[in-house]
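One structure is given here, and the rest of the page talks about it.
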Ligand code: DX5
Ligand code: ZN
């Protein structure tokens, strides 16, 4: 099954509730929240305070992508604020296995995130401990960047790593995703598509979400038939 996770990074924050309702109507499965600390990535964004407001605006699960150093210090706060899924970058924590345990203890699904230059080997030892792997197809920090095409090959290699290891982890892709490459990333193994500017950068986010889900699902249908 293919799902979409609109990233509110590109939303109009003067009417965030309305924008979330629009993508919910357009078929979003999750609301993706990009948390940046100005250290791990060169940008500052959202803390637990905003997640709490997002929680009140939707029944969809909140997918918190932590681009922060020392994520252990904030996992409980994001879980308390309403996150259902929390992902961390391996470079940002000394003891990734322990961090994954903290996410689980907080009652959330646990994910690990790979930057474009981070090899799959970084997560090999924890691949059976996580619920999902988030593959970055741009360097994290900003919305609206161009999809890095070598991510397709990495998606395929990640899919085989997951299959070979017997892991049940799902594959999420994030960065530069839109209707033009949705089919290609799904064919390569992506199951959850994050999209910011391709949804909230459009005049009608509900329709943009519908179109993205349509393009992704059409490809998922092809795979089911094959
Ligand atoms: C980038 C974030 C992404 C971002 C994607 O650091 O992790 O989630 O919002 O934005 P687009 O879809 O515009 O590339
Ligand atoms: Zn993200």
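In the numbering used here, the protein residues as written are 155 to 380. Beta carbons are placed, not taken as given, at the ideal position from N, Cα and C, and that holds for glycine.
### Query
Around the C-beta of residue 370, are 16 or more other C-beta atoms found within 10 angstroms, so that it is buried, or is it exposed?
The residue is buried, with at least 16 neighbouring Cβ atoms inside 10 Å.
### Task
Excluding the 5 residues preceding and the 5 following residue 209 in the sequence, name in chain order all residues of the same chain whose CB lies nearer than 7 Å to its CB.
Contacts found: 216, 235, 236.
### Message
Tell me whether residue 283, by its Cβ, gets closer than 7 Å to a heavy atom of ligand 1.
### Response
Residue 283 Cβ: outside cutoff for every heavy atom of ligand 1.
### Query
For the beta strand (DSSP E) that residue 265 lies in, which residues bound it at each end?
Note, residue 265: beta strand (DSSP E), 263-268.
### Message
With a threshold of 7 Å (Cβ to nearest heavy atom), would residue 232 be considered close to ligand 1?
### Response
Taking the Cβ of residue 232 as the reference point, every heavy atom of ligand 1 lies at 7 Å or farther away.
### Message
For residue 332, which residues in the same chain have their Cβ closer than 6 Å to its Cβ, ignoring the five residues on either side in sequence?
### Response
Within the same chain, residue 332 has close Cβ partners 352.
#### Entry: Distance CB(residue 265)-CB(residue 292) smaller than 8 Å
Going by C-beta atoms, residue 265 is not nearer than 8 Å to residue 292.
### Message
Here's the rule I'm using: 16 or more other beta-carbon atoms within 10 Å means buried, otherwise exposed. How should residue 308 be labelled?
### Response
With a threshold of 16 other beta carbon atoms within 10 Å, residue 308 meets it and is buried.
#### Entry: Three-state secondary structure assigned by DSSP to residue 214
Coil, per DSSP.
### Query
By how many angstroms is the C-alpha of residue 212 removed from the C-alpha of residue 206?
In this model, residue 206 and residue 212 are separated by some 11 Å (Cα to Cα).
#### Entry: C-alpha gap between residue 367 and residue 184, whole angstroms
Going by the C-alpha atoms only, they are around 12 Å apart.
### Query
With contact counted as at least three CB pairs below 8 Å, one residue from each stretch, are the segment 220-235 and the segment 182-199 in contact?
Taking a cut-off of 8 Å for Cβ pairs, the segment 220-235 and the segment 182-199 touch, as three or more such pairs fall below it.
#### Entry: Close Cβ partners of residue 320 (< 7 Å) along its chain, the five nearest in sequence each way excluded
By the criterion of a C-beta distance shorter than 7 Å, residue 320 is surrounded in its chain by 282, once the five residues flanking it on both sides are discounted.
### Reduced DSSP category for residue 188 - H, G, I as helix; E, B as strand; rest coil
Taken through DSSP and simplified to helix, strand or coil, residue 188 comes out as strand.
### Limits of the unbroken beta strand (DSSP E) element including residue 353
Premise fails: residue 353 lies in the alpha helix (DSSP H), 351-354, not in any beta strand (DSSP E).
#### Entry: Helix, strand or coil at residue 305 according to DSSP, with G and I counted as helix
Three-state DSSP puts residue 305 in a helix.
### Message
Quick check: the Cα distance between residue 254 and residue 182, rounded to an integer number of angstroms?
### Response
Between residue 254 and residue 182, the C-alpha separation is close to 26 Å.
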